[in-house]
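Structure, as structure tokens:
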Amino acid sequence: MNRPAMITRRPPAPNAEDWRRQLKSAFADPRSLLDWLGIDAAAVDTDPDAAFATRIPRAFAARMRPGDPADPLLRQVLPLAAERLEQPGYSADPVGDGASRAARGVLHKYVGRVLVITTGACAVHCRYCFRREFPYAAEHAAGDRWHQALDYIRTHPDIEEVILSGGDPLMLPTERLEAFTDALAGIDHIHRIRIHTRLPVVLPDRVDADLMAWLAGLRRPVVVIHANHPREFNAAVDAAVARMRGAGAMVLNQAVLLAGINDDADTLAGLMRRSFSAGALPYYLHLLDPVRGSGHFRVDDDHARRLVEHLRIHLSGYLVPRLVREQAGAPYKLPVL
Ligand SMILES: *Cc1c(COP(=O)(O)O)cnc(C)c1O
Ligand code: SF4
């Protein structure tokens, strides 16, 4: 059947040059972002020399409210002097990743699935990130053309799912990812490929035609995106999620509970509704990992429980995320009940 109208109505997928160019034009100095937003840098106590560098794509910055130093998108990515505070109980490896290293760039912490650190790079630097101190330069799996990771996976038949993480795996050129997943396709015991990425949210043009073709060729792809606030979604993010779903991926969203960003009932319920409207089912709501420099984002357990109770009352069951805490040595992400 000839249906040209249907075809012309669909917007074209962006091409690979677009997102590469956008990565290069990201804000790398908090003062230039604040200036662009019309916010007085002196009023927000920013730290332009923070050890974890500033990186904020313009596509993400464009969703921030001009003139609002408390904007919840800005607060996630703006380096603050408060990051330098030493706090008891906060460390460089709060989730015990070091101890679960199984091979170069491979973390085998839970039964049946391994997490592969594909790269240390991210398109955005989230200030609360628990991997901000991870020794990526030495530890990503792509560094030896995946050989060690593949050997490990091949020789452990109990592994049924491979999780591509980082950093952000979608920072790698699609053909590098494809080289890895092509090799995985030859391993019979791998039934699912999962991709943990924030790029479809912060730089939705990354979901280009090559990426869609790659996803479409994977065995049961699952993409877990990461948005913490309903305003992180816009038409471009919706379209990126729709492209991934169109390529056959199951799309989920995980979030981190963050003080001053999403730690109120309406915002959190709004995030779950908005995420679902975009086509991403709520998955985890993580309590903050106590990584050094992130203490100002902490939400206490009791408040977290009350928030999730509110979600249970007000939302359909499938919109309620699992509230969890990562604990070194535990066999799964511990539910917080
Ligand atoms: C979170 C995580 C996983 C995946 O856990 P799920 O509960 O299956 O989402 C696997 N490996 C590591 C090291 C992780 O941190
Ligand atoms: S790993 Fe995820 S949370 Fe951490 S900086 Fe990168 S995008 Fe942000």
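All you need for the numbering used here is the position in the sequence shown, starting with 1, plus 76. We treat Cβ as the ideally placed atom computed from N, Cα and C, and that holds for glycine.
Reference residue i, options the options, closest by Cα
i	options	result
A318	H302, L344 and G355	G355
I235	L253, I269 and C202	I269
D258	R274, V277 and V238	V238
H386	H232, R350, L344 and Y359	L344
L383	V412, P407, G369 and A285	V412
G405	L154, T122 and A175	A175
K100	A197, P142 and A303	A197
G165	R208, L109, A179 and R374	R374
H232	A255, D220 and H184	H184
P297	L275, P276, R321 and N304	R321
S370	R96, L156, Y204 and D169	Y204
A127	A178, L156 and R221	L156
A135	E251, A92 and D281	D281
R97	P133, P88 and D121	P133
R274	A323, V327, R252 and N91	V327
A102	L253, G143, A199 and L150	A199
L334	A323, F352 and H379	H379
C202	D376, K409, R401 and D365	D365
D314	N338, D342, R177 and S353	S353
A104	V187, T130 and E254	T130
Q152	H302, G393, A92 and R252	H302
V190	L399, D339, I271 and S351	I271
A92	V171, Q163, T250 and G188	T250
Q163	H372, R401, L399 and D377	H372
Residues that DSSP places opposite residue i in a beta bridge
i	result
S167	V367
Q330	H302
P411	V400
Range of the contiguous alpha helix (DSSP H) that encloses residue i
i	result
I389	D377 to H390
R252	T250 to A261
L240	Where L240 is concerned, there is no enclosing alpha helix (DSSP H), although the beta strand (DSSP E) it sits in stretches over E237 to S241.
L361	Looking at the DSSP string, L361 is not in any alpha helix (DSSP H); the run it does join, the beta strand (DSSP E), is L357 to H362.
L275	L275 to V278
R296	Counting along the chain, R296 falls outside any alpha helix (DSSP H), and DSSP gives it neither H nor E.
F352	A341 to A354
M320	A311 to G322
Contacting residues, own chain, Cβ-Cβ under 8 angstroms from residue i (five flanking each side not counted)
i	result
T195	Y212, H216, A218, G242, G243, D244, P245, M247 and L248
A146	G336
M348	P358, L387, L391, L395, V396 and P397
T84	Because the pLDDT at T84 is just 47, under 50, the model does not fix this residue reliably, and the point stays unresolved.
I266	I229, I235, E236, E237, V238, L260 and R295
A117	P106, R107, L110 and D111
A168	E209, V367 and R368
G181	V192, I193, T194, E215, H216, A217, A218, G219, Q224 and A225
D94	D281 and D284
D123	P106, P155, L156, A157, E159 and R160
D121	L156, A157 and A158
W222	A255, F256 and A259
Y408	Y186
Residue range of the beta strand (DSSP E) that includes residue i
i	result
A292	From DSSP, A292 is part of no beta strand (DSSP E) but of the alpha helix (DSSP H) over A285 to A292.
R270	R268 to H272
R398	R398 to R401
Neighbourhood of residue i by C-beta, 7 angstroms cutoff - its chain only, sequence neighbours within 5 removed
i	result
L294	T257 and I269
I263	I229 and R230
N310	R139
L226	A259
P142	L113 and G114
E308	R139, L149 and V277
P88	none
D426	Missing from the structure shown is residue 426; the chain here goes from 77 to 413 and no further.
Residue i: CB within 7 angstroms of a non-hydrogen atom of ligand 4
i	result
I271	Inclusion of ligand 4 in the displayed structure is not the case, the ligand content consisting of ligand 1 and ligand 2 alone.
Residues of its chain near residue i, where Cβ-Cβ distance is below 6 angstroms and the 5 sequence neighbours each way are ignored
i	result
L388	The question names Leu, but residue 388 in the sequence shown is Arg. Result list for R388: V396, in chain order.
R79	For R79, the predicted structure reports a pLDDT of 49, less than 50, and the residue's modelled location is therefore unreliable. The matter cannot be settled from this model.
A325	L291, P297 and V299
A331	N304 and L361
A316	P276, P280 and V283
Q403	L410
G346	P306
Min CB distance residue i to chain D below 8 angstroms
i	result
P164	Here chain D cannot be found, since the structure has a single protein chain.
| Unbroken stretches of the alpha helix (DSSP H), 4 residues or longer, contained in the segment 169-233 | As far as the segment 169-233 is concerned, its whole alpha helix (DSSP H) runs of at least 4 residues are 212-215 and 223-230.
| request: Would you list, in sequence order, the uninterrupted beta strand (DSSP E) runs of no fewer than 3 residues that lie entirely inside the segment 98-166? | output: Within the segment 98-166, no run of beta strand (DSSP E) at least 3 residues long lies entirely inside it.
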